[in-house]
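Chains A and B supply the protein sequences, listed in that same order.
In this text, residue positions in the first sequence follow this note's numbering: the first is 2, and each later residue adds one.
In this text, residue positions in the second sequence follow this note's numbering: the first is 29, and each later residue adds one.
In this text, a Cβ means the ideal position worked out from N, Cα and C, and glycines have one as well.
One structure is given below, encoded as structure tokens.
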Amino acid sequence: MSGRTRSFVVIAAAIVVVALAALMASAGSGQPRTFDERVHEIGAGLRCPVCLNLSVADSPSPLAGEMRTEIETQLRAGRTPEQIRAFFVDRYGAWILLSPPRHGWNLLPWAVPIVGLVAGVAVWVGFVRRRAPRTAGEVTGTEHRRIEHELADLEERG
Amino acid sequence: MSAGIDETDEVRVDDAVEPAGRGHSRRRWRAVALVLAPLVLFALLLATGLGRDPRELPSELIGRPAPTFSLPRLDAGGTIDLGDLHGQVVVVNFWASWCVPCREEHDALAAAWGRYRDRGVVVLGVSFEDTREAALGFRDELKGDWPLADDPGSRTAIAYGVFGVPETFVIAPDGTIAAKTTGAVTYEWLTDEIEGALRSGNVE
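Printed below as a string of structure tokens:
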């Protein structure tokens, strides 16, 4: 493996590591502490029925406000965020969830970016590897002439 | 496959970097396919997905027990309780005075109520995101005498998964939701669904 190929592989590996770290950081962002934060978190995951692409937490519509009240009431009654989400899914369908539940065909949108990233890196590494021996091999006549020419140029300037 | 790319077959005297022309062009086609395939797939996905109406959804509640409610009446005193109507066909119509299609469907609801009330069918208007005064003003203007109820905090609307008004549910005598429609309801839809619900009640 030439030095150039190796540096490409290192960069590719670094990108994968950073992407995975970002993914994990966003997935496990800790439990919100206050009651309002918990209400907000549940509301942020639910789609406001009377708006287009606004969450229950963000929508100023009266119905969204009443849904926030419903979330508060159920949280106070000791129901878990999962139970509250299920309450809304029972009535509005999975439509109400802003991110699809992670099972079955719904896994596709979660998997495609990761598969795409890995495939892209693989193609890139393959591409670099195939090309690398040509640059790592013997210096051709033209290249040799060019190197000498540019070195001479440099010396002139220096 | 490599027809027309013959210029890559030209002999390059001092360029040992380039591999044989034929392999090179094949690789280039593969790269083009690699880029185009996801784009085409994505375009197809958008073409099918964007053509769908995000609100055209079957109700989750069809065939399931209708959520119970006990609501204060708007047009009279007292409350109206779904539990008291068990064994009857109930048409629950979510509406608002500010809603234009609710005006359009008013005659259909009035006609269905007039035709079926003697057979124990109840039409119930549930006010959605509206004031008491505006709701009663709507009734005064368009007339009608089927019961109207208020829905404090929209709790019943949320329980029925209402997206907007008008939405109309037909509840069968066994207390399950037989049908739901979004938008101005027609007399034909109402008679079809009410007849169906009445038949299901007779079978039992």
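Within 9 Å of the CB of B/Y215, no CB atom of chain A is found; the nearest one sits about 27 Å away.
A/F36 is not bridged by DSSP to any residue.
The C-beta of A/D59 has fewer than 16 other C-beta atoms within 10 Å across all chains shown, which makes the residue exposed.
Not a single C-beta of chain B is nearer than 8 Å to the C-beta of A/D37. Residue burial annotation: A/R34 is exposed, with fewer than 16 other C-beta atoms found within 10 angstroms of its C-beta. Of the residues A/G44, A/I43 and A/P63, the one whose Cα lies closest to the Cα of A/V51 is A/P63. For the beta strand (DSSP E) assignment, the uninterrupted runs of no fewer than 3 residues enclosed by the region 69-123 of chain B are, from N- to C-terminal side, 98-100, 107-109 and 118-123.
Judged by DSSP in its simplified three-state form, A/A58 adopts coil rather than helix or strand.
DSSP places A/T81 in the coil class of the three-state scheme, outside both helix and strand. Any Cβ of chain A closer than 8 Å to the Cβ of B/G153 would place that residue at the interface, and such an atom is absent.
If you compare the alpha carbons of B/E223, B/S87 and B/F197 with that of A/Y93, the shortest gap goes to B/S87. Secondary structure note for B/T196: it is in no alpha helix (DSSP H), and the uninterrupted beta strand (DSSP E) holding it is E195 to I199. Chain-order list of chain A residues neighbouring B/S182: L64 and E67, by C-beta distance under 7 Å.
For B/L152, the uninterrupted beta strand (DSSP E) segment begins and ends at V150 to S155. Among the CB atoms of chain A, none fall inside 8 Å of the CB of B/E195. Interface annotation, B/A187: in contact with chain A, CB-CB separation under 8 Å. Excluding the 5 residues flanking it on each side, B/A162 has same chain C-beta neighbours closer than 6 Å at S125, in chain order.
Listed along chain A, the residues sitting closer than 8 Å to B/G192 by beta-carbon distance are P50 and V51. Between B/L102 and chain A, the shortest Cβ-Cβ separation is not below 8 Å. Boundaries of the beta strand (DSSP E) around B/T209: I205 to T210.
The beta carbon of A/E71 sits closer than 8 Å to some beta carbon of chain B.
Taking the C-beta atoms as reference points, B/P194 is found nearer than 8 Å to B/F122.
For B/E132, no CB of chain A lies under 8 Å from its own CB, so it is not counted at the interface with that chain.
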